[in-house]
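Trainee: Under my numbering, residues 809 to 1298 are what the sequence shown spells out, in order.
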Amino acid sequence: MPRNQRSAGRHRMARRTKVATGAIALSLAVGGIVVVNTTGTPDAARADGADKSFFIDITKVPRGTNVNLDLAKRGARGTFTVDCGRNENGHFNSDNFIAQPGVRNGAAHLHDYVGNLSTNADSNNKSLLRAGTTCKNGDKSAYFWPVVRINTEEEEENEKANEEKLAADRKNAAKDEASPQADCPDVVSELEDVPDQAMNAVNEGLTKIDADVDNANNQLAQGKQAGQVLDELKNKRKSSIKKITDSMKQAGKPVAKNDDQLAGCAVKQNGKGGLDNGGENSNVNAGGDVEKKKSDGKAADLPPANDNNEVGDNEGEIQRPEKVDLTFTSGGARRVVAMPKFLRVLYGDAKQSTNGPANARPSWTCTGFEDRLTELYPICPQGSKIARVHAFPNCWDGKNTDSANHRTHIVFSDRDGRCPRGFKNVPQLRITLVYNIPPNIQAAGQYAVDAFDQEKHNPRSDHDDFANVMSQCLMNQLVKCINSGKRCKQ
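#1: Compute the Euclidean distance between the alpha carbons of K881 and G1139, then round it to the nearest angstrom.
#2: In the DSSP assignment, find the unbroken beta strand (DSSP E) run with V995 in it and report its ends.
#3: Whose C-beta lies closer than 6 Å to the C-beta of K1232 among residues of the same chain, with five residues either side of it excluded?
#4: What did DSSP end up calling I1245 once you bin it into helix, strand or coil?
#5: From Q1005 to Q1058, what distance separates their C-alpha atoms?
#6: Terminal residues of the continuous beta strand (DSSP E) containing A1195?
#7: According to DSSP, G1081 sits in a beta bridge with which residue or residues?
#8: Among all the DSSP beta bridges, which residues are the ones paired with D947?
#9: With DSSP as the reference, label L1282 as helix, strand or coil.
#10: What residues in its chain sit with their C-beta under 8 Å from that of E1130, if we drop five residues either side in the sequence?
#11: So, at 8 Å on beta carbons, what are the nonlocal neighbours of D1022 in its own chain, with the 5 sequence-adjacent residues on each side left out?
#12: If you draw a straight line from the C-alpha of R1196 to the C-alpha of I1126, how long is it?
#13: Per DSSP, what are the beta-bridge partners of V922 in this structure?
#14: Secondary structure at Q1127, three-state DSSP: helix, strand or coil?
#15: Enumerate in chain order the residues of its own chain whose CB-to-CB distance from V875 is below 7 Å, with the five nearest sequence positions on each side excluded.
#16: Given that a residue counts as buried once 16 or more other Cβ atoms are within 10 Å of its Cβ, and exposed if not, what is P1111?
#17: Whole angstroms are fine: how far does the CA of N1208 sit from the CA of K1042?
#18: Output the distance between the C-alpha atoms of A976 and S926, rounded to the nearest integer angstrom.
#19: Any idea if R871 is buried or exposed, counting beta-carbon neighbours within 10 angstroms, 16 or more meaning buried?
#20: Can you tell me where the alpha helix (DSSP H) with T1162 in it begins and where it stops?
#21: Checking the sheet assignment: what are the DSSP bridge partners for T889?
#22: Could you tell me the alpha carbon to alpha carbon distance between Q1250 and D878, rounded to whole angstroms?
#23: Considering just the uninterrupted stretch of the beta strand (DSSP E) at T1173, what are its terminal residues?
#24: Output yes or no for whether 9 Å exceeds the beta carbon distance between N1163 and L1154.
#25: What whole-angstrom Cβ distance do T889 and C1296 have, given they're in contact under 8 Å?
#26: Terminal residues of the continuous alpha helix (DSSP H) containing I864?
#27: Would you kindly work out how many angstroms separate the C-alpha atoms of S1292 and D1270, rounded to a whole number?
#28: Could you check if A1019 is buried or exposed, using at least 16 other CB atoms within 10 Å of its CB as the buried criterion?
#29: What residue ranges within the region 972–1059 form continuous alpha helix (DSSP H) runs of no fewer than 4 residues, ordered along the chain?
#30: Under the rule that 16 or more other beta-carbon atoms within 10 Å means buried, what is S776, buried or exposed?
#31: So which of P1246, K1016, R1229 and F952 has the shortest CA-CA distance to V995?
#32: Quick check: what's the CA-CA separation for C1188 versus K860?
#33: Assign Q881 to one of three DSSP states: helix, strand, or coil.
#34: Run through DSSP, which three-state label would P1235 get?
#35: Can you tell me the Cα-Cα spacing of C1174 and N897, whole angstroms?
#36: Can you tell me where the alpha helix (DSSP H) with D1067 in it begins and where it stops?
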């Protein structure tokens, strides 16, 4: 296995008997690929526990089953693609600060991260803002999904750098959560379709607004009286917002909310206070169940990952994606409005076997067969590669950055790109992951996505997570690219 496809930890032989990859015979037959097992029982082709029935020849999947392609033919045709790498730095952990905030190892499976460099269970708005990023354009958003593995008997020397970095990130996140910070209304999400003649003035204003909030947070951290900091911040924001709204009005696009409504901020500390925008839901997981609490109010930890990043029933060699494509589209809408900063969005359902199929979505395909998506693990023809396509919800309620079940504040548009009444079309994030998994591994059913134990590696449990930490100026550029029909790459 190439070095760049190995995890940062040591991969030992799985606790179960592994099927030796070199002992698999691959047979080709008319109409598809025939799987031949040379070890074990006839129906026991497995990938760390994935059942043979979870695999399908992609040529057997009907064409026209990719709704994303249908939506791409509608609405605004612009796109905005962010280059955040392929997790070359080996940022892995089994946390999920969106679905299970504060629960260390709460995902019970390993996540691949790109973008924000500090993402862990204890991440909060301030810690995310303070961190670095792998994105070339400075986007500090967090993008993460469960890893894909195949079985291997190869061992590597254990590297503890990832564990040490994770411990430091948790400590810093706890400090950030405990320190007071200014929680302010998002401005860019209130701007409907910024005209070209107003763009420079709007971007200058948005950049100034973000800088003023950062300065206010520094003053609060130094112990300056909160009331004074907020008053000064409000005056600065009001001035910048007025310039933005005046520019929009002159361009024929008045802003619905007035300067006073957008200028005022509140102090948030230890997850309390601040604005009522869904940020109080940090004790609720993606299934809507309240997490078990310790006496100190922090969510109870689950058993940690072992020293080679194999968590729970998830075993084998981590596969680094050969390609990671992060593209924002219109999702079929004629026009989109900006996402608010710190918006949390979930795709799919990691616990679909217990929560039901409502939030599970077909995510799997092969390169060259993008006109079809399946809920099963695909087996691709020679020359084609495994791909996962995650197109996120794109209808925002216009108010909340989170919700009690982390879903009701942002939902999917219909097949025509239209949102439910009261919701706004925001850019739809589409993450495409391509893997170079050998054909014999595919045919033998020896690859699988990390999952909760109860999912038994069901491919329907595939999911993805996103938290928007873009600057308001960058988000404004993103919206402009989509609505103007441009194809922007950064």
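Cβ coordinates follow ideal geometry from the N, Cα and C atoms, glycine included.
Mentor: Well, looking at it:
#1: In a straight line, the C-alpha of K881 is about 9 Å away from that of G1139.
#2: Premise fails: V995 is in no beta strand (DSSP E) and is neither H nor E.
#3: V1145, W1204 and G1206
#4: Shown here, I1245 sits in coil according to DSSP, grouped into three states, outside any helix or strand.
#5: Their backbone Cα atoms lie some 9 Å apart in a straight line.
#6: I1194 to A1199
#7: K1076
#8: Paired residues: none, contrary to the question.
#9: helix
#10: R894, K1193, V1242, Y1243 and N1244
#11: L937
#12: Rounded to the nearest angstrom, the two C-alpha atoms are 15 Å apart.
#13: Y951
#14: Strand.
#15: R1223
#16: With a pLDDT of only 47 at P1111, under 50, the local geometry of the prediction cannot be trusted, and no value is derived from it.
#17: N1208 has its alpha-carbon roughly 21 Å from the corresponding atom of K1042.
#18: Using only the alpha carbons, I get a separation of about 9 Å.
#19: exposed
#20: Q1160 to N1163
#21: T1135 and K1297
#22: 28 Å
#23: W1172 to C1174
#24: Against a cut-off of 9 Å, the Cβ pair of L1154 and N1163 comes out as no contact.
#25: 7 Å
#26: Premise fails: I864 lies in the beta strand (DSSP E), F863 to D865, not in any alpha helix (DSSP H).
#27: Between the alpha carbons of S1292 and D1270 lies a distance of about 33 Å.
#28: exposed
#29: Listed in chain order, the complete alpha helix (DSSP H) runs (minimum 4 residues) inside the region 972–1059 are 1004–1029 and 1034–1058.
#30: Any answer about residue 776 is impossible in this case: the structure gives the chain only from 809 up to 1298.
#31: When only C-alpha atoms are compared, the closest one is K1016.
#32: If you take the alpha carbons of C1188 and K860, they lie about 15 Å apart.
#33: For the sequence presented, residue 881 should be read as Lys rather than Gln. K881: coil per DSSP, three-state reduction.
#34: coil
#35: 26 Å
#36: D1067 to A1071
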